[in-house]
Each structure stands twice: as structure tokens, then as C-alpha cells.
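S.K.:
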Amino acid sequence: MNAPSGHRKPAGLASVEHLYDFDDIIDTRSPAEFALDHVPGAINCPALDDAQRAEIGTLYKQVSPFVARRRGAALVAINIGRHLLERFQDKGPDWRPLIYCWRGGKRSGAFVTVFRQIGWDAHQLEGGYKAYRREALARLATLPARLDFRVLSGPTGSAKSRVLEALAASGEQVLDLEALAAHKGSVLGRQPGLEQPPQKLFESRLLHALERLDPQRPVYAEAESRRIGLITVPEPLIERLRAAACIRIDASPEARTEFLLRDYDYMTRDADGLIERLERLIELRGRETVGAWCALAREGRWPALVSALLAQHYDPLYRRSQNGNYQGHRDAPTVTADTLDDAGIARLAQRIAALERTT
1 MNAPSGHRKP
11 AGLASVEHLY
21 DFDDIIDTRS
31 PAEFALDHVP
41 GAINCPALDD
51 AQRAEIGTLY
61 KQVSPFVARR
71 RGAALVAINI
81 GRHLLERFQD
91 KGPDWRPLIY
101 CWRGGKRSGA
111 FVTVFRQIGW
121 DAHQLEGGYK
131 AYRREALARL
141 ATLPARLDFR
151 VLSGPTGSAK
161 SRVLEALAAS
171 GEQVLDLEAL
181 AAHKGSVLGR
191 QPGLEQPPQK
201 LFESRLLHAL
211 ERLDPQRPVY
221 AEAESRRIGL
231 ITVPEPLIER
241 LRAAACIRID
251 ASPEARTEFL
261 LRDYDYMTRD
271 ADGLIERLER
281 LIELRGRETV
291 GAWCALAREG
301 RWPALVSALL
311 AQHYDPLYRR
321 SQNGNYQGHR
331 DAPTVTADTL
341 DDAGIARLAQ
351 RIAALERTT
């Protein structure tokens with residue numbers, strides 16, 4: 001979103017194309033609006049907080065627009081003053097912020113007016129967040145097709161996400177969808193202490209990640225389903241991944257079991273929570289099978305439980321999903337791993353990167 005706009009904008013007004021040409025991006029919407037989605041890198045300086053916004057909306061509907069505007073103007077003025085004192089007292093005369101609200105209206109306009117009076121070259125985002133969102137969706141529809149993906153496939157427990165991390169650490173380009181979605185991608189994939197972002201915020205973070213990738217270099221990603229927890233991967237990206245070249249990781253069930261026991265160690269500390277999640281699979285795997293898994297969890301027989309889950313649930317799902325959805329999976333080059341400890345994962349990443357240099 002940084003290509004030339006092709007025409008000049010009035011002073012104090014900037015288009016989405018120039019989103020990242022400024023020193024800071026300020027989102028003046030309420031905290032609740034900001035939490036649902038925002039321009040990556042923006043800071044939230046509400047013109048009205050959530051309670052104040054609700055109050056003004058009520059006044060507008062139940063009393064009169066004039067009374068609502070009069071009260072709203074007073075609150076906005078107070079809030080702008082507070083933000084100036086608390087957040088911007090260190091800004092010098094050359095500071096250039098970009099400011100937006102929902103539609104590029106009164107909230108961001110009030111900030112721009114005050115900031116320009118101070119002497120800052122403040123600009124208002126033309127069309128506000130809605131213009132940004134339209135452009136984000138348009139970019140998400142076209143950008144994946146320009147990137148050259150290499151998709152890591154392999155059954156659950158093959159350490160694909162950790163291999164991506166190792167590839168990134170060695171300087172390779174990586175798109176880690178599970179990290180962006182804050183979820184490991186299965187019924188047991190919710191991570192402690194992490195909440196998944198709202199769908200729109202995930203898409204903003206995804207676009208920001210995609211825009212930083214070089215189309216002239218390969219991008220490594222993991223073979224994913226359309227859904228990662230509660231998040232849906234945009235259709236243009238999932239279709240591009242499914243048509244991309246694959247690299248298959250082959251590790252023994254024993255190595256995968258040992259890896260999963262380390263990577264999901266937090267689950268062994270909450271057997272009741274794990275059992276609750278396992279019971280969601282009764283419809284798919286049957287009460288008897290799931291009951292046996294739950295018994296292993298209650299008894300703390302973790303290696304036996306992981307082995308059973310791989311053999312009876314995850315591996316059958318993997319075979320159906322990869323063979324049916326990823327065109328390059330069947331003929332993909334295979335990289336084997338004897339162990340999936342830190343050293344083994346580092347070796348896998350080196351071998352995968354080496355494949356690119358030999359093709």
C-alpha cells in the first residue's frame with residue numbers, strides 16, 4: 001500500500017496508497033472498534049472511549065443530533081488534550097502523523113485540525129478505516145498469486161511450524177499462518193494464554209506479512225486447512241498454497257510422539273481441559289474410541305495417548321486432506337528426520353533450504 005497515488009491530494013488529506021509514508025498512524029476510533037481490526041502499526045488514541053461513544057449515540061437518537069454533537073465535541077476536545085499531554089509531548093516540529101477514524105470524518109478531522117494548528121504536518125486518511133479495509137481485501141485477493149510458495153507437508157507432529165521458525169532464523173522467507181492466527185490448527189490447537197484475533201484483524205496482519213515478502217524469492221509455508229481454529233484463511237491464499245510445490249517431511253511415529261509431548265506439554269498439566277476437548281471428537285470418532293483416549297489422559301499415560309491420537313485420528317485425517325487438497329503432495333521431495341529435537345529441526349531446515357539451491 002505504498003505505490004504512488006497518481007494525483008495530488010488536498011493539504012492534510014492522504015489516500016490509502018500513502019499509508020506508510022508517515023511517522024505514526026493514529027486510530028481515533030474507540031477501543032472496541034480498534035480491537036476488531038486496525039491498520040498494522042497504528043496506535044489507538046480514541047476521540048471517544050467505548051462508554052462515551054455509546055452515550056453520544058444514545059443522545060443522537062433519543063434527544064437530538066445537536067445535543068449529541070455539542071456533548072461529543074466537548075468530550076473529543078478533552079480527549080485530544082489528554083492524548084497531547086500523555087502521548088505526544090516529545091514530538092518535534094517535523095513529526096508527520098496520519099490520522100484516521102471510521103470513514104474519515106469528524107473524529108479524525110478534529111485531531112488533524114488541532115495538530116495542524118500546533119504546526120505538525122498531520123494528514124487525515126481519506127475514507128478512513130473503511131477505505132483501508134476495501135484496499136486490504138482487494139490486495140488479499142491478488143497478492144498471493146504473485147508469490148512463489150513452497151509448502152511443507154507432513155503428518156501431525158512433524159514439527160512443521162518449528163521448521164518454519166528455523167528457516168526464518170536462517171534468513172529464508174516464511175509465512176507462518178498458525179503464528180498469525182495464534183492457534184496450532186487442530187481441535188487441540190488452542191494455546192494457553194493466547195486468544196485468537198478477530199477475523200478482520202487476522203486478515204490485516206496477514207496482508208502486512210504478505211506485503212513484506214519478495215516475489216523473486218521462495219516463501220515457505222505450512223500445508224493448512226481452510227480454518228485455523230476460529231480463523232478462515234482467505235480463499236485466494238489457500239488456493240495458491242494448494243497449487244504450490246510441496247516438500248514432505250517424513251519422521252517416525254516415535255519421533256513425532258516425542259516432539260508432541262514437548263510441544264504440547266501444557267496439556268499434560270490440565271487433564272480435565274484436555275478431556276473436554278477430546279470429547280468434541282465423539283461424533284467423528286465414536287464414544288468408545290474417545291472414551292479410551294480420555295481414560296489414558298486421566299491415568300496420565302501421555303505417550304500412549306499421543307500415539308493413539310496419531311494412529312486413530314490425525315494420521316487418517318492427514319492422508320485424506322493432503323492427497324485430496326495439495327496438488328504437489330504426492331510427488332513432493334521427501335526430507336527425513338530421525339529426531340525432532342532442536343538439532344534435528346535445524347537439520348531439517350538446512351536440508352529443505354538446500355533443495356531450493358539444487359533445483
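All residue numbers for the sequence shown refer to full-length UniProt numbering, where the first residue is 1 and numbers rise by one.
Glycine included, C-beta positions come from ideal geometry on N, C-alpha and C.
Since we're looking at a predicted model, the values are computed, not measured.
As an exercise, report each continuous alpha helix (DSSP H) stretch of at least 4 residues that is fully enclosed by the stretch 41-108, in chain order.
M.R.: 50-62 and 65-87
S.K.: Give the straight-line distance between the Cα atoms of E195 and L230, rounded to the nearest whole angstrom.
M.R.: Stepping through the sequence shown from its first residue, residue 195 is reached at position 195. Stepping through the sequence shown from its first residue, residue 230 is reached at position 230. The straight-line gap from Cα to Cα measures roughly 10 Å.
S.K.: Find out if the Cβ-Cβ distance for the pair E258, L152 is shorter than 7 Å.
M.R.: If you number the sequence shown from 1, residue 258 lands on position 258. If you number the sequence shown from 1, residue 152 lands on position 152. Contact flag unset, no.
S.K.: With respect to the alpha helix (DSSP H) encompassing Y220, which residues constitute its N-terminal and C-terminal limits?
M.R.: As a first step, residue 220 is located in the sequence shown; it is residue number 220 there, counting from the start. Per DSSP, Y220 belongs to no alpha helix (DSSP H); it is in the beta strand (DSSP E), P218 to E222.
S.K.: Determine, using beta carbons only, whether I249 and G154 come nearer to each other than 7 Å.
M.R.: Here the question's residue 249 lines up with position 249 in the sequence shown. Here the question's residue 154 lines up with position 154 in the sequence shown. Yes.
S.K.: Measuring only the C-alpha atoms, how far is P198 from E211?
M.R.: Within the sequence shown, the letter at position 198 stands for residue 198. Within the sequence shown, the letter at position 211 stands for residue 211. Between P198 and E211, the C-alpha separation is close to 20 Å.
S.K.: Considering only their Cβ atoms, is the gap separating P218 from E356 smaller than 7 Å?
M.R.: Counted from its first residue, the sequence shown places residue 356 at position 356. Counted from its first residue, the sequence shown places residue 218 at position 218. Yes. Within cutoff.
S.K.: On the three-state DSSP scale, how would you describe Q322?
M.R.: The count along the sequence shown starts at 1 and reaches residue 322 at position 322. Helix.
S.K.: Is the distance from the Cβ of Y132 to the Cβ of V306 below 7 Å?
M.R.: Indexing the sequence shown from 1 puts residue 132 at position 132. Indexing the sequence shown from 1 puts residue 306 at position 306. Not closer than 7 Å, so no.
S.K.: Tell me, please, which residues DSSP counts as bridged to H18.
M.R.: If you number the sequence shown from 1, residue 18 lands on position 18. H18 pairs with nothing; no bridge assigned.
S.K.: Rounded C-beta distance between L27 and N44? I'm assuming under 8 Å.
M.R.: In the sequence shown, residue 27 corresponds to position 27, counting from 1. In the sequence shown, residue 44 corresponds to position 44, counting from 1. A small correction: the amino acid at residue 27 is Asp; Leu does not occupy that position in the sequence shown. Their Cβ separation, rounded to whole angstroms, is 5 Å, which keeps D27 and N44 in contact under 8 Å.
S.K.: In this structure, how does DSSP classify L180 when only helix, strand and coil are distinguished?
M.R.: Walking along the sequence shown from the start, residue 180 turns up at place 180. Correct three-state label for L180: helix.
S.K.: Among the residues of its own chain, which have a CB less than 6 Å from the CB of V174, if the five just before and after it don't count?
M.R.: Within the sequence shown, the letter at position 174 stands for residue 174. These residues qualify, in order along the chain: L164, L167, A168 and Y220.
S.K.: Might you give, ordered along the chain, the residues of its own chain that have their beta carbon closer than 8 Å to the beta carbon of E178, omitting 5 neighbours on each side?
M.R.: Indexing the sequence shown from 1 puts residue 178 at position 178. If we look at E178 and ignore the five residues flanking it on each side, its Cβ neighbours are S161, K184, G185, G189, E222, E224 and I228.
S.K.: Anyone know if the C-beta pair for residue 374 and S30 falls short of 7 Å?
M.R.: It is not possible to answer for residue 374, since the shown part of the chain is limited to 1 through 359.
S.K.: Return the first residue and the last residue of the beta strand (DSSP E) that S225 is part of.
M.R.: In the sequence shown, residue 225 corresponds to position 225, counting from 1. Looking at the DSSP string, S225 is not in any beta strand (DSSP E), and its letter there is neither H nor E.
S.K.: Can you say whether P97 is buried or exposed, counting buried as having 16 or more other CB atoms within 10 angstroms of its CB?
M.R.: As a position in the sequence shown, residue 97 is number 97, starting the count at 1. Under this definition P97 is a buried residue.
S.K.: Give the single residue among E55, I78 and L261 whose Cα lies nearest to the Cα of V67.
M.R.: What you label residue 67 is simply residue 67 of the sequence shown in a count that begins at 1. Ranking the options by Cα distance to V67, first place goes to E55.
S.K.: Output the distance between the C-alpha atoms of T339 and A244, rounded to the nearest integer angstrom.
M.R.: By one-based count along the sequence shown, residue 339 stands at place 339. By one-based count along the sequence shown, residue 244 stands at place 244. So the alpha carbons of these two residues sit roughly 27 Å apart.
S.K.: Give every residue of the same chain whose Cβ lies closer than 7 Å to the Cβ of T334, excluding the five residues on either side of it in the sequence, and list them in chain order.
M.R.: For this step, residue 334 is matched to residue 334 along the sequence shown. For T334, where only same-chain residues beyond five positions count, the Cβ hits under 7 Å are R248 and D250.
S.K.: Just how far apart, CA to CA, sit L206 and S64?
M.R.: Position 206 of the sequence shown, counted from the first residue, corresponds to residue 206. Position 64 of the sequence shown, counted from the first residue, corresponds to residue 64. The straight-line gap from Cα to Cα measures roughly 42 Å.
S.K.: Can you tell me whether H123 is helix, strand or coil according to DSSP?
M.R.: Stepping through the sequence shown from its first residue, residue 123 is reached at position 123. Residue state, collapsed to three classes: strand.
S.K.: With a cut-off of 8 Å, do at least 3 Cβ pairs link the stretch 316-331 to the stretch 290-302?
M.R.: no
S.K.: Can you tell me whether S153 is helix, strand or coil according to DSSP?
M.R.: Stepping through the sequence shown from its first residue, residue 153 is reached at position 153. Three-state DSSP puts S153 in a strand.
S.K.: Nearest CA to the CA of residue 393: which residue from D342, S158 and P236?
M.R.: Given that the chain is displayed from residue 1 to residue 359, the structure contains no residue 393 and the question cannot be resolved.
S.K.: Would you kindly work out how many angstroms separate the C-alpha atoms of D148 and A159, rounded to a whole number?
M.R.: Translated into positions along the sequence shown, residue 148 becomes position 148. Translated into positions along the sequence shown, residue 159 becomes position 159. Taking the straight line joining both Cα atoms gives about 22 Å.
S.K.: Please state whether DSSP places Q191 in a helix, a strand or coil.
M.R.: For the purposes of this step, residue 191 is identified with residue 191 of the sequence shown, where counting begins at 1. Coil at Q191, not helix or strand.
S.K.: Tell me whether I26, by its Cβ, gets closer than 6 Å to a heavy atom of the ligand FMN.
M.R.: For the ligand FMN, the structure offers nothing, since it holds no ligand at all.
S.K.: Straight-line CA distance for K106 to L213?
M.R.: Start at 1 with the first residue of the sequence shown, and residue 106 comes out as number 106. Start at 1 with the first residue of the sequence shown, and residue 213 comes out as number 213. Roughly 36 Å separates the two Cα atoms.
S.K.: Have a look at L261 and W302 and give me their C-alpha separation to the nearest angstrom.
M.R.: As a position in the sequence shown, residue 261 is number 261, starting the count at 1. As a position in the sequence shown, residue 302 is number 302, starting the count at 1. L261 and W302: Cα-Cα distance of roughly 7 Å.
S.K.: Where does V114 sit, in a helix, a strand or coil, going by DSSP?
M.R.: Stepping through the sequence shown from its first residue, residue 114 is reached at position 114. Note: V114 maps to helix in three-state DSSP.
S.K.: To test your reading of the DSSP string, which unbroken alpha helix (DSSP H) runs of 4 or more residues are found completely within the stretch 228-314?
M.R.: 235-242, 253-263, 271-278, 282-285, 287-298 and 302-309
S.K.: Determine the DSSP secondary structure at Q350, reduced to helix, strand or coil.
M.R.: Residue 350 sits at position 350 when you count from the first residue of the sequence shown. Three-state DSSP puts Q350 in a helix.
S.K.: Taking L36 and K200 to be in contact with their CB atoms under 8 Å, please state how far apart those CB atoms are, rounded to whole angstroms.
M.R.: Numbered from 1 along the sequence shown, position 36 holds the residue referred to as residue 36. Numbered from 1 along the sequence shown, position 200 holds the residue referred to as residue 200. Right, the Cβ-Cβ distance comes to about 6 Å (below 8 Å), so this counts as a contact.
S.K.: Would you kindly work out how many angstroms separate the C-alpha atoms of E203 and P234, rounded to a whole number?
M.R.: As a first step, residue 203 is located in the sequence shown; it is residue number 203 there, counting from the start. As a first step, residue 234 is located in the sequence shown; it is residue number 234 there, counting from the start. For E203 and P234, the distance between alpha carbons rounds to 8 Å.
S.K.: Given this structure, state the Cα-to-Cα distance separating S5 from H123, to the nearest angstrom.
M.R.: The sequence position of residue 5 within the sequence shown is 5, counting from 1. The sequence position of residue 123 within the sequence shown is 123, counting from 1. Annotation note: pLDDT 44 at S5 (below 50); position unreliable, coordinate value reported separately. In a straight line, the C-alpha of S5 is about 15 Å away from that of H123.
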